[in-house]
Amino acid sequence: MRFSAFGRLYLLVAAVLAIALLYLIQAAGTTQSSYEIGRLQDQQQALLAEQQNLKYQEASRTSPAQIEAAATQANLTRPQPYRYVKYQDSGVVLDGTPPRAPDQSPLWERALASIGKSVTGGQDALAAGR
Amino acid sequence: MLWLLAASLLLAGVIWGRLVYWQVLQHTRLSADALTQYSKVVELPAARGLIYDRNGQPLAINETVYSIVVAPDQVRAADREHVAAALSTATGRPIAPIVAILASNSTFAYIARQQPKLVADRLLALHLAGVGLEPETRRSYLAGSAADSTLASNLLGFVNEAGKGQYGVEAYYQAELAGRNGSMSTYQDLTGREIVVGGSTKKDPVNGADLQLTIDADIQHSAEQALAAGVARNKAESGSVLVMDPKTGAIVAWADYPTYNANNFGQTPVDRFIDPIASHLYEPGSTMKVVTLSGAIDNHAITPTMTLNDPGRISVGGVTLYDWDRQNRGTVTYTKVLESSLNVGAVTALQLEGNDPYYQNLVNFGFSRASGIDVAAESSVPIRAEADYRPSEMATTSFGQGINVNMVQMIAALNVVPNGGRYVQPHVVARVGGKPTELSQAPPRQVISPATAAQMNEMMKAVVQNGSGSMARIAGFEKDEAGKTGTSQIPVGGQYTQDVWSSYVGYLPASNPRFTMLVVIRKPHNATWIANDGYIVAAPIWKQIAQDIVLDWHIAP
Numbered sequence: 003m004r005f006s007a008f009g010r011l012y013l014l015v016a017a018v019l020a021i022a023l024l025y026l027i028q029a030a031g032t033t034q035s036s037y038e039i040g041r042l043q044d045q046q047q048a049l050l051a052e053q054q055n056l057k058y059q060e061a062s063r064t065s066p067a068q069i070e071a072a073a074t075q076a077n078l079t080r081p082q083p084y085r086y087v088k089y090q091d092s093g094v095v096l097d098g099t100p101p102r103a104p105d106q107s108p109l110w111e112r113a114l115a116s117i118g119k120s121v122t123g124g125q126d127a128l129a130a131g132r
Numbered sequence: 030m031l032w033l034l035a036a037s038l039l040l041a042g043v044i045w046g047r048l049v050y051w052q053v054l055q056h057t058r059l060s061a062d063a064l065t066q067y068s069k070v071v072e073l074p075a076a077r078g079l080i081y082d083r084n085g086q087p088l089a090i091n092e093t094v095y096s097i098v099v100a101p102d103q104v105r106a107a108d109r110e111h112v113a114a115a116l117s118t119a120t121g122r123p124i125a126p127i128v129a130i131l132a133s134n135s136t137f138a139y140i141a142r143q144q145p146k147l148v149a150d151r152l153l154a155l156h157l158a159g160v161g162l163e164p165e166t167r168r169s170y171l172a173g174s175a176a177d178s179t180l181a182s183n184l185l186g187f188v189n190e191a192g193k194g195q196y197g198v199e200a201y202y203q204a205e206l207a208g209r210n211g212s213m214s215t216y217q218d219l220t221g222r223e224i225v226v227g228g229s230t231k232k233d234p235v236n237g238a239d240l241q242l243t244i245d246a247d248i249q250h251s252a253e254q255a256l257a258a259g260v261a262r263n264k265a266e267s268g269s270v271l272v273m274d275p276k277t278g279a280i281v282a283w284a285d286y287p288t289y290n291a292n293n294f295g296q297t298p299v300d301r302f303i304d305p306i307a308s309h310l311y312e313p314g315s316t317m318k319v320v321t322l323s324g325a326i327d328n329h330a331i332t333p334t335m336t337l338n339d340p341g342r343i344s345v346g347g348v349t350l351y352d353w354d355r356q357n358r359g360t361v362t363y364t365k366v367l368e369s370s371l372n373v374g375a376v377t378a379l380q381l382e383g384n385d386p387y388y389q390n391l392v393n394f395g396f397s398r399a400s401g402i403d404v405a406a407e408s409s410v411p412i413r414a415e416a417d418y419r420p421s422e423m424a425t426t427s428f429g430q431g432i433n434v435n436m437v438q439m440i441a442a443l444n445v446v447p448n449g450g451r452y453v454q455p456h457v458v459a460r461v462g463g464k465p466t467e468l469s470q471a472p473p474r475q476v477i478s479p480a481t482a483a484q485m486n487e488m489m490k491a492v493v494q495n496g497s498g499s500m501a502r503i504a505g506f507e508k509d510e511a512g513k514t515g516t517s518q519i520p521v522g523g524q525y526t527q528d529v530w531s532s533y534v535g536y537l538p539a540s541n542p543r544f545t546m547l548v549v550i551r552k553p554h555n556a557t558w559i560a561n562d563g564y565i566v567a568a569p570i571w572k573q574i575a576q577d578i579v580l581d582w583h584i585a586p
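Here the protein sequences line up with chains Z and W, keeping their order. Position in the first sequence (first residue = 1) + 2 = my numbering. Position in the second sequence (first residue = 1) + 29 = my numbering.
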């Protein structure tokens with residue numbers, strides 16, 4: 003395809019214009035993006051500021067002075083210093099032989115056991131070994 | 030026709046000449062002017078590090094506040110009254126000065142500085158012409174227990190308008206807390222909006238490191254409360270409390286009264302900023318006998334059961350020194366000397382020990398140099414060279430008169446006894462940016478033997494059980510608590526006055542100490558001189574705080 007001299011000139015001008023237009027579109031887009039980045043940075047700063055202020059509020063609310071004020075408002079008082087119950091001797095010998103519990107078995111069983119013990123002997127010693 | 034050509038050429042020449050002038054000759058200047066119009070360097074401020082207590086409770090925080098600014102030339106005359114009324118309502122300032130500012134027709138003026146976000150939000154909602162907000166960071170501190178005070182203000186210090194730490198920890202750790210500001214070189218459009226991309230160079234800021242203190246905010250609060258009440262009860266000029274972990278030297282509480290509001294430092298008298306604990310010196314009085322007797326026992330000059338004759342006075346170098354009540358007590362043991370705080374006993378112990386070992390003992394207990402605590406502006410007067418002391422002067426140091434120390438030096442010295450004879454480095458900052466500080470890692474130094482420390486421990490227990498420490502007894506710990514009182518006259522112009530420093534040092538439990546505490550009250554003004562004594566003035570304050578620590582830390586006997 004052949005173009006006349008004017009045709010080539012028009013084509014060249016059109017190409018240059020197209021490139022310039024594309025450049026302008028891209029530059030405008032870039033600038034727009036930069037504004038968006040700037041806006042987001044401002045927003046980030048605002049959120050960081052908000053976060054800082056919330057941190058301060060949180061710290062203030064958990065501060066000892068604030069807790070004390072809230073406790074006073076709720077009629078809470080400080081606990082009394084520790085009180086200790088002194089050890090009193092109960093009379094129980096912990097490392098001695100435990101006292102025998104009263105035998106609760108029926109009378110006939112105890113009588114039978116007594117007879118058996120007198121005949122065989124050593125039943126108690128056997129029981130203590132368990 | 031020729032003249033037309035000539036005129037055209039002349040005109041073209043003028044135009045081309047101007048073009049050459051602006052484009053070539055003035056190129057450098059115009060380029061520079063243009064650059065200043067569309068380029069700008071924005072400072073990226075580093076965030077100052079926060080300060081936390083040992084349990085992670087924030088003590089110093091950065092808060093965003095707002096300066097309210099106006100451009101009076103952009104406010105129409107008809108709107109001035111309305112804008113001024115809105116600004117007055119939002120900020121609580123009188124309307125007349127605001128109207129005057131708006132009428133000035135200047136380009137910029139501040140209406141109010143450091144306003145909270147609530148005020149800023151209220152103003153934003155009004156969309157006032159010519160009114161703007163400038164965010165800035167302000168250091169904020171927690172409320173203290175006394176009215177119009179902030180927690181641990183003398184310890185923490187504050188940050189001035191220029192962002193520089195003043196006094197206390199804020200000043201000492203300024204470099205670490207401040208960080209390093211960054212910057213960004215960028216372009217702006219005609220309206221001043223920033224064009225972020227394209228040829229900008231950025232240097233990120235390095236934020237300041239957070240500090241973790243050894244302070245316990247709850248104990249600090251208790252100490253401030255008890256101290257304020259104690260100072261008021263005894264009509265004293267001021268008072269201070271120092272609580273230390275005996276094994277590590279970590280400071281748990283650092284309280285002063287009166288103190289100040291660090292959030293409002295601009296309205297505070299400058300002398301209130303000076304921290305009495307590290308920056309004021311005092312004569313420790315009889316608490317010094319712990320040091321004297323420790324050295325004498327360690328050098329085998331005395332024992333706790335050894336006896337001496339105490340007639341209530343002793344002459345040294347031609348000067349007569351007295352016991353506090355000048356009574357003749359006859360034969361007493363050295364345990365009794367500590368229990369009843371007898372000056373004659375302390376002087377005798379020095380004499381039996383000898384000047385050289387006694388002096389060396391003072392050096393070993395840390396009185397020849399500052400404590401090195403990590404708080405700004407520590408003051409200290411190192412003890413003089415041994416040869417510079419007259420015999421009577423050396424003798425008075427044995428019971429804590431004629432020797433100047435700060436409270437940090439004193440608690441560190443007295444803590445040698447509960448810590449098995451070891452001196453530990455006092456410090457208030459445990460970590461900077463998560464890393465342990467050098468001071469907190471300093472190895473302990475053996476000053477007296479563990480056996481001597483154990484003997485002194487028994488003697489200091491006897492002070493609480495039988496002697497002047499009875500007012501500090503805590504239920505459940507009567508047999509497991511150690512302490513010593515101190516009362517020293519305050520010199521003015523080279524003469525001792527009737528004003529005193531009243532003090533009490535103690536630790537608990539004596540068998541396995543969890544804390545050492547020193548209370549110093551300056552110039553109590555009770556009805557009688559004896560009522561200003563350390564055991565009446567300082568010991569009850571010590572007891573009050575110790576009870577809170579026992580409860581808070583769940584210390585069982």
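Where a beta carbon is used, it is the ideal one built from N, C-alpha and C, also for glycine.
- Minimum Cα-Cα distance from L56 of chain Z among the listed residues W:E92, W:A75, W:P275, W:D581 corresponds to W:E92.
- Pairing V373 of chain W with D562 of chain W, the inter-Cα distance amounts to about 18 Å.
- Around the beta-carbon of P569 of chain W, 16 or more other beta-carbon atoms lie within 10 Å, marking it buried.
- Taking 8 Å as the CB threshold, N555 of chain W stays off the interface with chain Z.
- Contact check for I280 of chain W against D82 of chain W fails: the beta carbons are separated by 8 Å or more.
- Neighbours of N55 of chain Z across chain W, judged by C-beta separation under 7 Å: E92, T93, K146.
- Out of W:H250, W:Q195, W:Y564, the CA that lies nearest to the CA of D577 of chain W is found in W:H250.
- For G429 of chain W against P313 of chain W, the beta-carbon gap comes to about 4 Å, under 8 Å, which counts as contact.
- At a cut-off of 8 Å between C-beta atoms, S65 of chain Z counts as an interface residue with respect to chain W.
- By a beta-carbon distance limit of 8 Å, A132 of chain W contacts R109 of chain W. Their separation comes to about 6 Å.
- Contacts with chain Z at 8 Å (Cβ-Cβ) do not include A424 of chain W.
- By the criterion of a C-beta distance shorter than 7 Å, N495 of chain W is surrounded in its chain by E368, once the five residues flanking it on both sides are discounted.
- Each residue's CA atom was taken as its position, placing G42 of chain W and W32 of chain W some 15 Å apart.
- Residue environment for L48 of chain W: exposed (fewer than 16 other C-beta atoms within 10 angstroms of its C-beta).
- In the displayed model, T57 of chain W falls within a helix according to three-state DSSP.
- By alpha-carbon distance to M546 of chain W, the top candidate from W:A567, W:A191, W:A556 is W:A567.
- Against chain W, the beta carbon of Q75 of chain Z has no neighbour under 9 Å; the closest one sits roughly 15 Å away.
- As the crow flies, the alpha-carbon of Q241 of chain W is around 8 Å from that of G463 of chain W.
- Residues of chain Z with a Cβ closer than 8 Å to the Cβ of S169 of chain W are, in chain order, Y58.
- Exposure of H329 of chain W is indicated by the presence of fewer than 16 other C-beta atoms within 10 angstroms of its C-beta.
- Beta-bridge partners of V361 of chain W (DSSP): W:L337.
- For G46 of chain W, there is no enclosing beta strand (DSSP E); the residue is found in the alpha helix (DSSP H) stretching over 31-49.
- Only residues of its own chain outside the window of five on either side were considered, and among them none has a CB closer than 6 Å to the CB of I27 of chain Z.
- The alpha helix (DSSP H) runs lying completely inside the stretch 498-541 of chain W and spanning 4 residues or more number zero.
- Annotation for R460 of chain W: Q241 place their beta carbon closer than 6 Å to its own, counting only its chain and skipping 5 residues before and after.
- Every unbroken stretch of the alpha helix (DSSP H) spanning 4 or more residues and falling wholly within the stretch 256-329 of chain W is given here in chain order: 305-308, 317-327.
- Identification of chain W residues near Q68 of chain Z by a Cβ-Cβ cut-off of 9 Å yields L171, A172, ordered along the chain.
- At the C-beta level, T362 of chain W and T336 of chain W come within 8 Å of one another.
- Residue pairing for A141 of chain W: DSSP places it in a beta bridge opposite W:I97.
- Distance from the CA atom of G9 of chain Z to the CA atom of A17 of chain Z, rounded to whole angstroms, is 12 Å.
- Straight-line measurement puts the Cα of W582 of chain W at about 56 Å from the Cα of K69 of chain W.
- Taking 8 Å as the threshold, the shortest C-beta distance from G40 of chain Z to chain W falls below it.
- Counted as a single uninterrupted DSSP element, the stretch harbouring I402 of chain W is not any beta strand (DSSP E), since DSSP gives it neither H nor E.
- With respect to T425 of chain W, L322 of chain W sits apart: the two C-beta atoms are not nearer than 8 Å.
- Shown here for K232 of chain W: same chain residues with a beta carbon closer than 8 Å to its own, the five before and five after excluded, namely L73, G211, S212, M213 in chain order.
- For Y25 of chain Z, no chain W residue has a Cβ inside 8 Å of its Cβ, as the nearest lies near 13 Å away.
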